[in-house]
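Numbering (our numbering), first residue to last: 23 to 217. Backbone N, C-alpha and C fix where the C-beta goes; we use that ideal spot for every residue, glycine too.
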Amino acid sequence: MRIATISRSTKETSIDVTVNLDGTGVYAISTGIGFLDHMLEQLSRHSLIDMDVKAVGDLHIDQHHTTEDTGIAIGEAIAKALGDKAGIRRYGDALSPMDETLTRVALDISGRPYLVWNSSFSQTRLGEMDTELFSHWFHSFAGSAGITLHVETLYGHNNHHIIESAFKGVARALRTAVEIDPRKVGSIPSTKGML
Numbered sequence: 023m024r025i026a027t028i029s030r031s032t033k034e035t036s037i038d039v040t041v042n043l044d045g046t047g048v049y050a051i052s053t054g055i056g057f058l059d060h061m062l063e064q065l066s067r068h069s070l071i072d073m074d075v076k077a078v079g080d081l082h083i084d085q086h087h088t089t090e091d092t093g094i095a096i097g098e099a100i101a102k103a104l105g106d107k108a109g110i111r112r113y114g115d116a117l118s119p120m121d122e123t124l125t126r127v128a129l130d131i132s133g134r135p136y137l138v139w140n141s142s143f144s145q146t147r148l149g150e151m152d153t154e155l156f157s158h159w160f161h162s163f164a165g166s167a168g169i170t171l172h173v174e175t176l177y178g179h180n181n182h183h184i185i186e187s188a189f190k191g192v193a194r195a196l197r198t199a200v201e202i203d204p205r206k207v208g209s210i211p212s213t214k215g216m217l
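Here is the structure:
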């Protein structure tokens, strides 16, 4: 089983994350930010990665540190669970519709973290969460997971649908990328011999 646990503690946050890449999408999420919890539940359910995420942060200041550090910890846990990445499909992509919104996601578990973010919002907040934090969460996640990640909203106007389609699209692309390819079991999916 590809399971990993990460504990991250700073003066700003204390976060414990456990992931099982070969799970069924079972989750227990508690960050203190309701909307972020909802998005991380989507990430778990649609990637089929079991996630246990418990975060306590300095929400009396704002949500920035909790959002950032949660992305870092989940990314680190996924990277740790992947190990040397032998046998994985490596690449994943998804078109993610949600009502009037369509988001395109492509990712590569390359060891070269990079985020291309082409989504925007007409509101500054969704629930109690600042919408500017969404791209920051994906940046933190991609950086610590070692993933090249492209997220683009092709169209849509409902802000909730835009961000939810992004998280679901990333989940579905991630599900494909972390899967073991039965034709390449034990083989590193790179001509370099490592990722």
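- Residue range 56–69 is occupied by the alpha helix (DSSP H) that includes Met-61, with no beta strand (DSSP E) assigned at that position.
- By the neighbour-count definition (other C-beta atoms within 10 Å, threshold 16), Glu-34 is an exposed residue.
- Secondary structure at Gly-114: strand, using DSSP grouped into helix, strand and coil.
- Membership of Ala-103 in the alpha helix (DSSP H) is indicated by the continuous run 86–104.
- Secondary structure at Thr-170: strand, using DSSP grouped into helix, strand and coil.
- Annotation for Ser-187: the continuous alpha helix (DSSP H) segment containing it runs 181–200.
- Between Arg-111 and Ala-26, the CB-CB gap reaches or exceeds 8 Å.
- Beta-bridge pairing by DSSP links Ile-25 to Asn-42.
- Burial of Ala-103 is indicated by the presence of at least 16 other C-beta atoms within 10 angstroms of its C-beta.
- Under the three-pair Cβ rule at 8 Å, the segment 61–79 does not count as touching the segment 125–138.
- In the structure shown, Ala-50 falls within a strand segment according to DSSP collapsed to helix, strand and coil.
- Shown here, Ala-77 sits in a strand according to DSSP, grouped into three states.
- Going by DSSP, Asp-130 is part of the beta strand (DSSP E) stretching over 123–130.
- Taking the C-beta atoms as reference points, Ala-164 is found nearer than 8 Å to Gly-97.
- Looking at the DSSP output, Asp-152 shares a beta bridge with Arg-147.
- By the criterion of at least three beta-carbon pairs nearer than 8 Å, the segment 46–57 is not in contact with the segment 106–125.
- Counting C-beta atoms within 10 angstroms of its own C-beta, Asn-140 has fewer than 16 neighbours from the protein chains shown and is therefore classed as exposed.
- Taking one beta carbon from each stretch, the segment 149–160 and the segment 200–212 have fewer than 3 pairs nearer than 8 Å; the two do not touch.
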